[in-house]
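In our numbering, the protein residues as written are 31 to 503.
Here you go:
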């Protein structure tokens, strides 16, 4: 018997709209999510825009932190539900889901959220009140009346980033979940409202089939800010539907890679770095934009680039037993097969692969920057010196994001400066490529700042207002 689970969320103000649910079927489980029609979506959007958010920033942070604490508790029924159902929905095994949920949720605790605010605003009180500004007047940050979120489903906890980001600036959110993962964010919002009922009319989590442009356009036209995740094609389609007065924030396809300096390639460090790299590859099977698809390895170290490729292959195989590759779709399996065949026929490449092809490592000494089909497919490329990479990444700035670097400190800063100018927006260690902190600038931008409008009070009007006070003669 197929288990049916209710997800998504509708605010109390939508009760009279009688919105029906859409059922999304997976193996052994179906997820039921609110499915408003165009008229219902318009009414809901307009009602939500009239609702004031009178919570302080600290009260919002407290509510989010309490919700996260519940889901970090592995004995709590909601956490157990997620650990049980997300593997059925996503295809990732239970152990992968268990570890990745914990790693992701830790990012949204109070101290991390305070760091996120501090990175974006010199004084986070600017979201609650007018504060003194350097020009002599006063300034307040005002969040959008309504933000529409169109989420992808490749990484289960991904929607939490933009949802929390909108809540921190006191925005109201209507989020459209992906049909490939419609569970997590709805469960989170239900829990959040239970903890802080004053947020009840500030959230709605809904669903419709991808490509339903009528519903999508209705929501996008009502929103003041639109946040979109997905392929570059999806992002382009969203942009075409958005009016001139709507601010669009898009997160499309990105490419991330690792780099190993020759001085870090002694036998002990090389093996440990291969272990770190393998962990970053198997995390959600490279589905994140920050996941490495290539590793550039300098020649003339104690461990050669080819030897390091063999070390990486060994580590991927050792992790396969505990964290097996998820079941791939027909399209994913086809893309991997095409990549494998192309590399096997390439005289410049050597392919390292197990019999079941649960992972694929391609080794080459031909410098190039091309994406892999993901799902534990990675390239190791030997280079003479890190400066030679400038030529192949120079025109790829719109696709670049994270680079994981293993290099001495002095050269680390030189590399980061040079590659930052060419489009890299995040520099980290191989080990932490997939472990984000709340203060990072996603794709190089300030997500919180992008959502707000700054309202200034000029110093002149403050001075002139003194004349009208009843204590003045």
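Think of the CB as a built atom: it goes at the ideal place given N, C-alpha and C, for glycine as much as any other residue.
Annotation: the continuous beta strand (DSSP E) that includes residue 64 extends over 59 to 64. Each residue's CA atom was taken as its position, placing residue 219 and residue 413 some 48 Å apart. Within the same chain, Cβ atoms closer than 7 Å to the Cβ of residue 458 are found at 432 and 434, the five residues on either side in sequence being excluded.
Residue 478 sits away from residue 181, with the two beta carbons spaced by 8 Å or more. Closest by C-alpha distance to residue 423, out of 73, 400 and 438, is 400. At a Cβ-Cβ threshold of 8 Å, residue 310 and residue 452 do not count as neighbours.
With a threshold of 16 other beta carbon atoms within 10 Å, residue 375 falls short and is exposed. Under the three-state reduction of DSSP output, residue 421 falls in the helix class. For residue 369, the three-state secondary structure derived from DSSP is helix. Separation of residue 357 and residue 380 (C-alpha to C-alpha, rounded to the nearest whole angstrom) is 26 Å. Remark: C-beta atoms of residue 185 and residue 314 approach each other more closely than 8 Å. Of the other Cβ atoms in all chains shown, 16 or more fall within 10 Å of the Cβ of residue 410; this residue is therefore buried. Under the 8 Å Cβ criterion, the stretch 329 to 336 counts as touching the stretch 291 to 301, having at least three qualifying pairs. In the structure shown, the three-state DSSP call for residue 392 is strand. The bridge partners DSSP lists for residue 172 are 483.
Positions of the alpha helix (DSSP H) runs, each at least 4 residues long and wholly inside the stretch 319 to 387, are given as 335 to 352 and 360 to 374 in order along the chain. The stretch 153 to 172 makes no contact with the stretch 245 to 255: fewer than 3 CB pairs, one atom from each, lie closer than 8 Å.
Take the alpha-carbon of residue 491 and the one of residue 82: they are about 27 Å apart. Residue 261 is positioned such that its CB atom lies no closer than 8 Å to that of residue 237.
Residues of the same chain with a CB within less than 6 Å of the CB of residue 392, apart from the 5 flanking positions on each side, are 373, 379, 381 and 409 in chain order. Look at residue 450 here: in three-state DSSP terms it is helix. With contacts defined by Cβ atoms closer than 8 Å, residue 436 and residue 303 form a contacting pair.
Residue environment: residue 346 is assigned as buried (16 or more neighbouring CB atoms within 10 Å of its CB, all protein chains considered). Nearest in C-alpha terms to residue 466, of all of 153, 171 and 130, is 130. Our two residues, residue 73 and residue 360, have alpha carbons roughly 40 Å apart in a direct line.
Inclusion of residue 472 and residue 174 in the CB contact set at 8 Å is not warranted, their separation being larger than that value. In the three-state reduction of the DSSP assignment, residue 35 falls in the strand class.
Closest by C-alpha distance to residue 403, out of 49, 317 and 156, is 317.
Burial of residue 231 is indicated by the presence of at least 16 other C-beta atoms within 10 angstroms of its C-beta. In the structure shown, residue 115 adopts helical secondary structure according to DSSP, grouped into three states. When beta bridges are read from the DSSP output, residue 211 appears opposite 208. With a minimum length of 4 residues, the unbroken runs of alpha helix (DSSP H) contained wholly in the stretch 211 to 266 fall at 214 to 225 and 243 to 252. C-alpha of residue 176 to C-alpha of residue 254: approximately 6 Å in a straight line.
Nearest neighbour of residue 350 by Cα position, chosen from 366, 328, 364 and 385, turns out to be 385.
Listed in chain order, the alpha helix (DSSP H) elements of length 4 or more contained wholly in the stretch 62 to 140 are 68 to 79, 87 to 102, 107 to 120 and 124 to 135.
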